[in-house]
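Taken in order, these protein sequences are the chains called A and B.
Under my numbering, read the first sequence as residues 5 to 117, first letter to last.
Under my numbering, read the second sequence as residues 170 to 279, first letter to last.
C-beta atoms are modelled at their ideal positions from N, C-alpha and C, and glycine is treated no differently.
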Amino acid sequence: KAGVTQTPRYLIKTRGQQVTLSCSPISGHRSVSWYQQTPGQGLQFLFEYFSETQRNKGNFPGRFSGRQFSNSRSEMNVSTLELGDSALYLCASSLEVFTGELFFGEGSRLTVL
Amino acid sequence: EDKVVQSPLSLVVHEGDTVTLNCSYEVTNFRSLLWYKQEKKAPTFLFMLTSSGIEKKSGRLSSILDKKELFSILNITATQTGDSAIYLCAVGRKGGKLIFGQGTELSVKP
């Protein structure tokens, strides 16, 4: 059974650009959540999607957005990138809206120059 | 504001030692407490605790939750170099949001 797949794994952008990250959950999992991980802040919750609907949102500015498609794949977008957006972005999937065990992907490492 | 605090933030031990990692929380609408291990990239699930006083055990790892005092501990006995990782504590709220602590970085020396 394939795990959670995130693409791209690494990317470098410059300030002001935008970026789109993709996440394919484990087959059969309908909930996808996104986290930002930085050395200073640890893992911070961005948002969670279930059946194409955003169910929860963290305390991030509106530049951070996401969506989920009918096949449960999810994308997140960050517009007008800032240096502080440099981080590891982790996607996690679960069978239902958070029931306990999350399965994480290996993350997308974003560097903003 | 909801918060999850882990201590210590980093720890260096030698193989064979026993370690105790701490996690305290102040979270409204508590649902569960979870422990994850993060080695290089993706965190992997260790335990989920929902009831006080019931120890969960997996090999050399065990964990317990105290919902009255709002904390949990993760014990690792007879540590091995392969236990070196960041251990993450997270609290799940009713409604689905997970709040993570800063993590404890454990280094096990041979």
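What does residue i reach in chain B if we use C-beta pairs closer than 9 Å?
| i | result |
| --- | --- |
| V101 (chain A) | G264 and G265 |
| L106 (chain A) | L203, Y205, P212, F214, A259 and L267 |
Can you tell me which of the three DSSP states residue i falls into?
| i | result |
| --- | --- |
| L180 (chain B) | strand |
| L87 (chain A) | helix |
| G270 (chain B) | coil |
| G251 (chain B) | helix |
| F54 (chain A) | strand |
| S31 (chain A) | coil |
| A96 (chain A) | strand |
| G70 (chain A) | strand |
| I223 (chain B) | coil |
| N191 (chain B) | strand |
| F64 (chain A) | coil |
| S2 (chain A) | Past the edges of chain A, shown from 5 to 117, lies residue 2 (chain A), and the structure says nothing about it. |
| K236 (chain B) | coil |
| T197 (chain B) | coil |
| R113 (chain A) | strand |
| L106 (chain A) | coil |
| K17 (chain A) | strand |
| E211 (chain B) | Strictly speaking, residue 211 (chain B) in this sequence is Ala, with Glu absent from that position. Three-state DSSP puts A211 (chain B) in coil, outside helix and strand. |
| A6 (chain A) | coil |
| V23 (chain A) | strand |
Would you kindly check if the distance between the Cβ of residue j and the Cβ of residue i is under 8 Å?
| i | j | result |
| --- | --- | --- |
| L178 (chain B) | E238 (chain B) | no |
| L114 (chain A) | K17 (chain A) | yes |
| S97 (chain A) | H33 (chain A) | yes |
| D186 (chain B) | T250 (chain B) | no |
| F51 (chain A) | G66 (chain A) | no |
| Q72 (chain A) | E86 (chain A) | no |
| L190 (chain B) | Q175 (chain B) | yes |
| K172 (chain B) | N60 (chain A) | no |
| A91 (chain A) | Q10 (chain A) | no |
Could you tell me if residue i is buried or exposed, where buried requires 16 or more neighbouring beta carbons within 10 angstroms of its beta carbon?
| i | result |
| --- | --- |
| F54 (chain A) | buried |
| G270 (chain B) | buried |
| L234 (chain B) | buried |
| L47 (chain A) | buried |
| L218 (chain B) | buried |
| G111 (chain A) | buried |
| S221 (chain B) | exposed |
| P12 (chain A) | exposed |
| I245 (chain B) | buried |
| S227 (chain B) | exposed |
| S131 (chain A) | In the structure as shown, chain A begins at 5 and stops at 117. Residue 131 (chain A) is therefore absent and cannot be evaluated. |
Give the interface partners of residue i over in chain A, defined as CB-CB distance under 9 Å, in chain order.
| i | result |
| --- | --- |
| L257 (chain B) | G46 and L47 |
Among residues of its own chain, excluding the 5 on either side of residue i, which ones have a beta-carbon nearer than 7 Å to its beta-carbon?
| i | result |
| --- | --- |
| V181 (chain B) | S276 and K278 |
| E100 (chain A) | R34 and S35 |
| K225 (chain B) | F216, L218, S231 and S232 |
Which chain A residues sit within Cβ distance under 7 Å of residue i?
| i | result |
| --- | --- |
| G270 (chain B) | G46 |
Using a Cβ-Cβ cutoff of less than 6 Å, which residues in the same chain neighbour residue i once the five nearest sequence positions on both sides are dropped?
| i | result |
| --- | --- |
| M80 (chain A) | L25, W38 and G70 |
| S201 (chain B) | M217, T219 and G261 |
| L117 (chain A) | T18 |
| H183 (chain B) | K278 |
| A259 (chain B) | L203, L267 and F269 |
| I255 (chain B) | Q207, G272 and E274 |
Just the chain B side, please: which residues come within less than 7 Å of residue i by C-beta, in chain order?
| i | result |
| --- | --- |
| N60 (chain A) | G264, G265 and K266 |
Interface residues of chain B around residue i at Cβ under 8 Å?
| i | result |
| --- | --- |
| G109 (chain A) | A211 |
| E52 (chain A) | G265 and K266 |
Cutting at 8 Å between CB atoms, please list the residues of its own chain near residue i, excluding the five before and the five after it.
| i | result |
| --- | --- |
| K263 (chain B) | N198, F199 and R200 |
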